[in-house]
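Chains as they are written, first to last, in my numbering: chain D, 608 to 872; chain A, 608 to 872. Virtual Cβ for every residue (Gly too), placed ideally from N, Cα, C.
Protein chains: 2
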Amino acid sequence: MIVIAEKINASRKSIAKALSERDADFIAQVAREQADAGADYIDVNGGAPDPRRELENITWLIEVVQGACDKGICVDSADPAAAAAGLAKAGEGAILNSISLEKARMDAMLPVVAERDCMVIGLLMSDDGAPAGGDDRLARAEAMVARLTAAGKKIDEIIIDPCFFPLAAGAAAVAQAIAGVRAIRENWPEIHIGGGVSNTSHGLPQRKFVNLATMAAAIVAGMDCPIVDPCVPGTMGLAYAAEALAGRDEFCMNYVNAARAGELI
Amino acid sequence: MIVIAEKINASRKSIAKALSERDADFIAQVAREQADAGADYIDVNGGAPDPRRELENITWLIEVVQGACDKGICVDSADPAAAAAGLAKAGEGAILNSISLEKARMDAMLPVVAERDCMVIGLLMSDDGAPAGGDDRLARAEAMVARLTAAGKKIDEIIIDPCFFPLAAGAAAVAQAIAGVRAIRENWPEIHIGGGVSNTSHGLPQRKFVNLATMAAAIVAGMDCPIVDPCVPGTMGLAYAAEALAGRDEFCMNYVNAARAGELI
């Protein structure tokens, strides 16, 4: 399992403020909190409020995060120049978040990820829009895998993001994403599957329950790279438990070791 | 969703003690706590420490629980005489927990549930032992449904218990039960599916994470009658969230109403 921590995102007010004020202490603290909670990667997004400054924002953010903890960097940008600069700064083993099947984005981003030793999140959006159900997600994942492997990526360097949409948008929205996770996992045992689940609770009260239930069910269905806030109580405990339930934690050793280390909160 | 609260079970030391001392205040308090936390039914098991006293134990427990709250009674006994007496005491709309495919138990229990206006939990154990995987659970559920409907039960009076076994017994143990839940739900949209999930965490530390992850994933897969301790924080919130994720809560109205009522803890 690879836990990607989502909080350092300029779409959040506190992060945008720290970014515009170049408040390194604040960013470093958020990075450390997420690292201490059990994150494997820190997602870093500097795309707001002024997209023209994204390249300098993301390189600054990465420098601060690297100074604050020793976790991997998940470079979160749809801008090819910012993504390339971010990956260069982040070094080997970084993750690009994300490429998609949209032609313009694919054409611009594919050279960026092809030339780097990095993992890449493949978002299943295309020029036809959002994926429709489990079968559509599997078909789109096949197209994504074909493009990325042709560009030199290995199957275990690919993280398919099935697109979690708000439950409030339709009763089947999340169930379809989870069906997609299951179909993709059955097709490729070695691929990674991950995505931001907090989108699912948009517009609902006490969002954490929807986020946690989505995460647990998706992990049991085959997701292994949750993009979450690991500081929310229940997140790491349920993530490790769900990995074990999925049959991906033999003898529950990871679960038991995490419990012993005090990481199951 | 029907939440069945599991705590009044004589296999728990505190309940066995209260039972042998006829400590009605203690039993009533446990019943009320579970009712206040959101239980729809209170499971009542009086089978220990002395099975010879099960009939008088269970009727006393039911009387105490009925005096303490207005929830339905889930009569938890494998003894036909105790089950019959318990169902008579519990009145209309009670649940029998449980019948199984084991010939002796089926033959003894079927007349008990046939003559009563009650729901019945059908445990997928048989004389061949425990169910093996998802397909085996579906086949056993078909046999169970055939027997129960032949005895006059309607499909929505049947609660299939897929048998949740300890994760520590095998990495695939819980995934197989959840696969069974999914197969059974696809086959019968109107049937109920439920079971005790706390068995899955047997022998593991911080059991609540395994229990909650199992519950959430099983509900998303189609379970609608979790047998749980609703007083454990996270249980009701995740149960309502998972029901919504499963597409069984249109416009998330049950989730939102439960949030407004302060029931999502």
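Cβ pair I611(A), I622(A) closer than 8 Å: Reading the second sequence from its first residue, position 4 is the one you call residue 611(A). Reading the second sequence from its first residue, position 15 is the one you call residue 622(A). Taking 8 Å as the Cβ cut-off, I611(A) and I622(A) do not qualify as a contacting pair.
With 16 other Cβ atoms within 10 Å as the buried cut-off, status of E663(D): Residue mapping note: residue 663(D) aligns to position 56 of the first sequence, counting from 1. When all chains shown are included, E663(D) counts as exposed.
Chain-order list of residues whose beta-carbon lies under 7 Å from that of P840(A) (same chain, five-residue window excluded): By 1-based counting over the second sequence, the position of residue 840(A) is 233. Within the same chain, I872 come within 7 Å of P840(A) by CB-CB distance, once the 5 residues on both sides are set aside.
Among D734(A), S805(A), K678(A) and S705(A), the one whose alpha carbon lies nearest that of E699(A): As a working mapping, residue 699(A) is identified with position 92 in the second sequence. The shortest Cα separation from E699(A) among D734(A), S805(A), K678(A) and S705(A) belongs to K678(A).
Spatial distance of T666(D) from L694(D) (CA atoms): As a position in the first sequence, residue 666(D) is number 59, starting the count at 1. As a position in the first sequence, residue 694(D) is number 87, starting the count at 1. CA-CA distance, T666(D) to L694(D), rounds to 9 Å.
Contact set between I859(A) and chain D, taken where Cβ atoms lie within less than 7 Å: The residue you call residue 859(A) lines up with position 252 of the second sequence. Just to set this straight, residue 859(A) is Cys in the shown sequence, not Ile. Using a Cβ-Cβ cut-off of 7 Å, C859(A) is close to L774, A775 and L811 of chain D, given in chain order.
C-alpha distance - F771(A) paired with T821(A), whole-angstrom precision: Within the second sequence, the letter at position 164 stands for residue 771(A). Within the second sequence, the letter at position 214 stands for residue 821(A). C-alpha separation (whole angstroms): 9 Å.
Where K710(A) sits in the DSSP three-state scheme: Translated into positions along the second sequence, residue 710(A) becomes position 103. Look at K710(A) here: in three-state DSSP terms it is helix.
Check whether A790(D) and A823(D) have beta carbons under 8 Å apart: Locating residue 790(D) in the first sequence gives position 183, counting from the first residue. Locating residue 823(D) in the first sequence gives position 216, counting from the first residue. Going by C-beta atoms, A790(D) is not nearer than 8 Å to A823(D).
CB contact flag (L717(D), I728(D), <8 Å): In the first sequence, counting from the first residue as 1, residue 717(D) sits at position 110. In the first sequence, counting from the first residue as 1, residue 728(D) sits at position 121. In this structure, L717(D) lies away from I728(D), with their beta-carbon atoms at least 8 Å apart.
Through-space distance from A784(D) to H809(D), alpha-carbon basis: Here the question's residue 809(D) lines up with position 202 in the first sequence. Here the question's residue 784(D) lines up with position 177 in the first sequence. When rounded, the distance between both Cα atoms is 16 Å.
is_contact[G741(D), chain A] using C-beta, thresh 8 Å: Stepping through the first sequence from its first residue, residue 741(D) is reached at position 134. No Cβ of chain A is located within less than 8 Å of the beta carbon of G741(D).
Supposed close pair I762(A), C725(A) - CB separation, criterion 8 Å: As a first step, residue 762(A) is located in the second sequence; it is residue number 155 there, counting from the start. As a first step, residue 725(A) is located in the second sequence; it is residue number 118 there, counting from the start. Actually they are not in contact, since the Cβ atoms of I762(A) and C725(A) sit about 15 Å apart, beyond 8 Å.
C-beta neighbour in chain D for G787(A), strict 8 Å: Translated into the one-based positions of the second sequence, residue 787(A) becomes position 180. Closer than 8 Å: no.
Residues from the segment 750-783 of chain D in contact with chain A, defined by Cβ distance under 7 Å: Answer in chain order: L774, A775, A778, A779, V781 and A782.
Neighbour list for T821(D) in chain A, Cβ cutoff strictly below 7 Å: Mapped onto the first sequence, residue 821(D) falls at position 214. Simply L852.
Buried or exposed by the 16-neighbour rule on C-beta atoms within 10 Å, applied to A833(D): In the first sequence, counting from the first residue as 1, residue 833(D) sits at position 226. Before going on, a small fix: residue 833(D) reads as Pro here, not Ala. In the assembly as shown, P833(D) is a buried residue. Its beta-carbon has 16 or more other beta-carbons within 10 Å.
Chain-ordered chain A contacts of L845(D) [CB-CB under 7 Å]: Along the first sequence, one-based indexing puts residue 845(D) at 238. Within chain A, the residues near L845(D) are F816, L819 and A820.
Cross-chain neighbours of L626(D) in chain A, by beta carbon under 8 Å: Translated into positions along the first sequence, residue 626(D) becomes position 19. The contacting residues do not exist; L626(D) stays about 32 Å from chain A at best.
Alpha-carbon spacing of L626(D) relative to I765(D), whole angstroms: Locating residue 626(D) in the first sequence gives position 19, where the first residue counts as 1. Locating residue 765(D) in the first sequence gives position 158, where the first residue counts as 1. Each residue's Cα considered, the two are about 30 Å apart.
Beta-carbon spacing of Y862(A), A851(A) below 8 Å: If you number the second sequence from 1, residue 862(A) lands on position 255. If you number the second sequence from 1, residue 851(A) lands on position 244. Against a cut-off of 8 Å, the Cβ pair of A851(A) and Y862(A) comes out as a contact.
Assumed close pair F633(D), Y847(A) - CB separation to whole angstroms, cut-off 8 Å: Residue mapping note: residue 633(D) aligns to position 26 of the first sequence, counting from 1. Residue mapping note: residue 847(A) aligns to position 240 of the second sequence, counting from 1. Actually they are not in contact, since the Cβ atoms of F633(D) and Y847(A) sit about 35 Å apart, beyond 8 Å.
Burial state of E722(D), where buried means 16 or more other Cβ atoms lie within 10 Å: Here residue 722(D) is taken as the residue at index 115 of the first sequence, counted from 1. E722(D) is exposed by the Cβ-count criterion.
Given 8 Å, three or more beta-carbon pairs between the segment 790-809 of chain D and the segment 730-745 of chain D: Enough Cβ pairs lie closer than 8 Å, so yes.
Within 8 Å, strictly: CB atoms of L845(D) and L819(A): The residue you call residue 845(D) lines up with position 238 of the first sequence. The residue you call residue 819(A) lines up with position 212 of the second sequence. Contact: yes.
For C681(D) and D650(D), believed in contact at Cβ under 8 Å, the rounded distance: Stepping through the first sequence from its first residue, residue 650(D) is reached at position 43. Stepping through the first sequence from its first residue, residue 681(D) is reached at position 74. That pair is a contact at about 4 Å.
A776(A) versus R712(D): straight-line alpha-carbon distance, rounded: Here residue 776(A) is taken as the residue at index 169 of the second sequence, counted from 1. Here residue 712(D) is taken as the residue at index 105 of the first sequence, counted from 1. The straight-line gap separating the alpha-carbon atoms of A776(A) and R712(D) is approximately 47 Å.
Backbone CA spacing between M605(A) and P687(D) [nearest angstrom]: Residue numbering for chain A in the displayed model covers 608 to 872; residue 605(A) lies beyond these limits and cannot be assessed.
Short-range partners of chain D found in the segment 621-648 of chain A, where Cβ spacing is below 8 Å: So the list is empty, because no residue satisfies the distance condition.
Contact set for A638(A): own chain, Cβ-Cβ below 6 Å, skip 5 residues either direction: On the second sequence, residue 638(A) is found 31 positions in, with the first residue counted as 1. Shown here for A638(A): same chain residues with a beta carbon closer than 6 Å to its own, the five before and five after excluded, namely I649, V672, A675 and C676 in chain order.
Extent of the continuous alpha helix (DSSP H) run through L745(A): Looking up residue 745(A) in the second sequence gives position 138. First-last of the alpha helix (DSSP H) with L745(A): G741 to A757.
Helix, strand or coil at I872(A) [DSSP, three-state]: Taking the second sequence and counting its residues from 1, one reaches residue 872(A) at position 265. Here I872(A) sits in coil by DSSP.
Member of D831(D), D657(D), G801(D) and L708(D) whose CA lies at the smallest distance from the CA of K624(D): Start at 1 with the first residue of the first sequence, and residue 624(D) comes out as number 17. Relative to the Cα of K624(D), the nearest Cα in the group D831(D), D657(D), G801(D) and L708(D) belongs to D657(D).
Backbone secondary structure at M608(A) - three-state DSSP: The residue you call residue 608(A) lines up with position 1 of the second sequence. M608(A) falls in the coil class under three-state DSSP.
Beta carbon proximity, V827(A) to chain D, threshold 8 Å: Along the second sequence, one-based indexing puts residue 827(A) at 220. Cβ-Cβ to chain D under 8 Å: yes for V827(A).
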